[in-house]
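Sequence order for the protein chains is A and B.
Once you know that position 8 of the first sequence is 8 in this note's numbering, the rest is easy, because the numbers rise by one and skip nothing.
Once you know that position 44 of the second sequence is 44 in this note's numbering, the rest is easy, because the numbers rise by one and skip nothing.
Each remark here refers to the structure printed beneath this line.
There are 2 protein chains.
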Amino acid sequence: MIRNLTEQDKEHLQEALIKSGQKVTPQREAVFTVLLAERDHPTVDEVFTRAREVMPGLSLATVYNCLETFVGCGLVRQVNHERESTRYCPNLAPHAHFRDKDTGRVHDIELPPEVLKSLRSILPPGFDSEVIEISFHGRAQAKDTHSN
Amino acid sequence: MIRNLTEQDKEHLQEALIKSGQKVTPQREAVFTVLLAERDHPTVDEVFTRAREVMPGLSLATVYNCLETFVGCGLVRQVNHERESTRYCPNLAPHAHFRDKDTGRVHDIELPPEVLKSLRSILPPGFDSEVIEISFHGRAQAKDTHSN
DNA sequence: TTGCGGATTAGACTCATTCTAACTGATTAG
DNA sequence: CTAATCAGTTAGAATGAGTCTAATCCGCAA
Ligand SMILES: [Mn+2]
Ligand SMILES: [Mn+2]
Ligand SMILES: [Zn+2]
Ligand SMILES: [Zn+2]
Numbered sequence: 001m002i003r004n005l006t007e008q009d010k011e012h013l014q015e016a017l018i019k020s021g022q023k024v025t026p027q028r029e030a031v032f033t034v035l036l037a038e039r040d041h042p043t044v045d046e047v048f049t050r051a052r053e054v055m056p057g058l059s060l061a062t063v064y065n066c067l068e069t070f071v072g073c074g075l076v077r078q079v080n081h082e083r084e085s086t087r088y089c090p091n092l093a094p095h096a097h098f099r100d101k102d103t104g105r106v107h108d109i110e111l112p113p114e115v116l117k118s119l120r121s122i123l124p125p126g127f128d129s130e131v132i133e134i135s136f137h138g139r140a141q142a143k144d145t146h147s148n
Numbered sequence: 001m002i003r004n005l006t007e008q009d010k011e012h013l014q015e016a017l018i019k020s021g022q023k024v025t026p027q028r029e030a031v032f033t034v035l036l037a038e039r040d041h042p043t044v045d046e047v048f049t050r051a052r053e054v055m056p057g058l059s060l061a062t063v064y065n066c067l068e069t070f071v072g073c074g075l076v077r078q079v080n081h082e083r084e085s086t087r088y089c090p091n092l093a094p095h096a097h098f099r100d101k102d103t104g105r106v107h108d109i110e111l112p113p114e115v116l117k118s119l120r121s122i123l124p125p126g127f128d129s130e131v132i133e134i135s136f137h138g139r140a141q142a143k144d145t146h147s148n
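In structure tokens:
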């Protein structure tokens, strides 16, 4: 089920695109809508399949382009695990990822500021990190059906 | 410069291979030697190129096979950053990786037990993690030429 | 209207990795 | 001694996520 964007989400999208000198297009709205609808870290192909339900003419190339654009404006993060297909995450809060060995599903794990700080503290002087990626791999009790 | 394996490293290799029911072969020794010689997280192609200097008939397929075998017996870890080629690391101590934006080099960052523990503590109940990957991306002052 | 420039599109291409099938060489069985 | 076995090695083909290219599309402004 693909819900429409809330006014707030639409503004978020517009602001980020325009701020970085790019246009709001129906394709970008559709792709962004898909990302926000189920926050389950879909792959490009999953985004493609879902977005096509609502915009059948959409091309795979455009999905790649839209997602790259979103990453560029900081609207979404890429999530990689080993060499699997890249997944996309619209959660902008600092968080880690947990990949369930059994289901393949990726869950968001909240990252408290003090843990983030203790992580930064392990860097020796002279090392200045802009990005930190934390990913867990293991088993999660399937408590529910959602994914974050 | 590719040094030979120390007696200790040789025993380490033999023990791990035999324990998991596999054989010690000249190719595996050569590849392992390369990994220990410069602990700079080489890609498969880099391992291939270096190992060929000492064993010219070695094939790329075998390098892939050897590295997969080593990962299987816990002799080395795979290191991935985004979708770049997989790199290999023989450092078995818990550590994070720092990828230098400018040089592309990957540095080992020691991971103190208390930081590891604080990281594990962010997992909600029911989440059981076997592997944690931590990677930093940023700039490092080029203090020296080695990589860990 | 026409022109411009960003966006979209289909399809070709890349290249790290995986797969396949033939070969090697050490070990074991007769 | 042969021959069968079998893990390991090898070259090359296949795979597939991602990137590139070149042709269109389209909203806007001269
Ligand atoms: Mn869940
Ligand atoms: Mn260094
Ligand atoms: Zn996420
Ligand atoms: Zn390492």
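Even glycine gets a Cβ: it sits at the ideal position worked out from N, Cα and C.
| Item | Value |
| --- | --- |
| Closer than 8 angstroms to chain A by CB, residue 155/B | In the structure as shown, chain B starts at 1 and stops at 148, and residue 155/B therefore has no counterpart that could be examined. |
| Alpha carbon of residue 15/A to alpha carbon of residue 27/A, nearest angstrom | 16 angstroms |
| Where residue 83/A meets chain B, residues with beta-carbon distance less than 8 angstroms | 80, 83, 86 |
| Contact test: residue 106/A Cβ vs ligand 4 heavy atom, cutoff 7 angstroms | no |
| Contacts around residue 43/B, its chain only, beta-carbon distance under 6 angstroms, and the 5 residues preceding and following it disregarded | 85, 87 |
| Alpha-carbon to alpha-carbon, residue 39/B and residue 102/B | 19 angstroms |
| Spatial distance of residue 41/B from residue 104/A (CA atoms) | 27 angstroms |
| Residue 94/B versus residue 111/B - alpha carbon distance | 6 angstroms |
| Cβ separation of residue 96/B and residue 122/A, assumed to be a contact under 8 angstroms, to the nearest whole Å | 7 angstroms |
| Proximity test, Cβ basis, 8 angstroms: residue 133/B and chain A | yes |
| beta-carbon residue 89/A near ligand 3 non-hydrogen atom, thresh 7 angstroms | yes |
| Limits of the alpha helix (DSSP H) - the one that residue 15/A falls within | 7-19 |
| Run of the alpha helix (DSSP H) containing residue 114/B, from where it starts to where it stops | 113-120 |
| Distance between residue 67/A and residue 152/A (C-alpha atoms, nearest Å) | Since the first residue shown for chain A is 1 and the last is 148, residue 152/A is missing from the structure and cannot be characterised. |
| Members of the stretch 101-128 of chain A that neighbour chain B once the beta carbon cut-off is set at 7 angstroms | 109, 110, 111, 112, 115, 118, 119, 122, 123, 126, 127, 128 |
| Ranges of the alpha helix (DSSP H) found wholly within the stretch 40-81 of chain A, counting only runs of at least 4 | 44-52, 60-72 |
| Minimum Cβ-Cβ distance from residue 51/B to chain A less than 8 angstroms | no |
| Residue 130/B, enclosing beta strand (DSSP E) - first and last residue | 127-140 |
| Straight-line Cα distance separating residue 99/A from residue 106/A | 4 angstroms |
| Pairwise C-alpha distance: residue 130/A and residue 137/B | 6 angstroms |
| Cβ-heavy atom distance, residue 44/B to ligand 4, below 7 angstroms | no |
| Near ligand 3: residue 115/A beta-carbon under 7 angstroms from a heavy atom | no |
| heavy atom of ligand 4 below 7 angstroms from residue 131/B C-beta | no |
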